[in-house]
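In UniProt numbering, the protein residues as written are 1 to 127. Beta carbons: idealized from backbone N, C-alpha and C, even for Gly. Take a look at the structure below.
As structure tokens, then:
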């Protein structure tokens with residue numbers, strides 16, 4: 001069984017490894033997943049972070065489970081609990097634009113909370 005240190009470092013490397021194992025080209029995977037070739041290349045090189053929806057499309061094209069892809073991307077925790085981003089991505093009642101807006105708002109709040117938590121932690125350590 002693979003240990004965490006045996007796993008690829010990021011989601012892009014993971015996707016590239018899956019694609020190469022499946023013996024399909026970058027262009028073929030992009031076509032099957034419904035994303036552009038340059039965008040998929042950027043994901044594989046770690047220059048872009050794919051949304052949960054794009055990960056779902058890539059997982060389907062590679063014939064791997066969507067939860068496995070979400071887990072590797074950090075959208076699910078190790079116990080299989082869906083994260084907020086994964087829930088937004090799979091909600092059939094939301095349009096793509098709504099999903100993108102909700103995702104951006106959620107990430108903004110999380111980033112803001114992380115920035116605000118750091119000074120509080122630093123103050124605690126100085127006591």
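N- and C-terminal bounds of the alpha helix (DSSP H) containing residue i
| i | result |
| --- | --- |
| residue 17 | 11-21 |
| residue 64 | No alpha helix (DSSP H) holds residue 64; DSSP gives it neither H nor E. |
| residue 85 | 84-90 |
Between the CA atoms of residue j and residue i - distance to the nearest angstrom
| i | j | result |
| --- | --- | --- |
| residue 55 | residue 70 | 7 Å |
| residue 11 | residue 30 | 16 Å |
| residue 23 | residue 47 | 23 Å |
| residue 94 | residue 25 | 32 Å |
| residue 62 | residue 18 | 7 Å |
| residue 110 | residue 44 | 25 Å |
| residue 104 | residue 42 | 20 Å |
| residue 73 | residue 13 | 11 Å |
| residue 37 | residue 49 | 15 Å |
| residue 39 | residue 119 | 36 Å |
Simplified DSSP state of residue i, which is helix, strand or coil
| i | result |
| --- | --- |
| residue 75 | coil |
| residue 38 | helix |
| residue 24 | coil |
| residue 108 | helix |
| residue 49 | coil |
| residue 44 | helix |
| residue 102 | helix |
| residue 55 | helix |
Nearest-angstrom Cβ-Cβ length linking residue i and residue j, presumed shorter than 8 Å
| i | j | result |
| --- | --- | --- |
| residue 117 | residue 89 | So it is not a contact: roughly 26 Å between Cβ atoms. |
| residue 58 | residue 86 | About 14 Å separates the two Cβ atoms, so there is no contact after all. |
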